[in-house]
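To keep things clear, I will list the structure first and then write my remarks on it.
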Amino acid sequence: MATTIDTNQWCSRFVKCKGCKLDSECMVKPEEMALVREDGKIVDKWAIRTTAMIARELEKIKAT
């Protein structure tokens with residue numbers, strides 16, 4: 004089954020935006036806005052959290 008997704012609903016394709024219904028989870032501390040190095044890898048904590056948030060919402064859609 005194909006799922007059609009309105010990309011405007013999902014944080015403007017991962018641009019650090021404001022305004023969607025999930026905005027409260029996107030709010031980040033200033034230190035989370037910057038890339039960090041963990042175990043020799045560059046990590047974007049905001050993108051990881053946002054990806055998890057979107058995955059949860061997609062699972063909710065699939066379940067209906």
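Going by the working numbering, the final residue of the sequence shown carries number 67, and the count climbs one at a time with no gaps. Even glycine gets a Cβ: it sits at the ideal position worked out from N, Cα and C.
Take the alpha-carbon of K63 and the one of T54: they are about 14 Å apart. For D47, same chain residues with a beta-carbon under 7 Å away, outside a window of 5 residues either side, are L38 in chain order. Just so you know, the alpha carbons of E60 and A50 end up roughly 15 Å apart. Our two residues, I57 and E41, have alpha carbons roughly 23 Å apart in a direct line.
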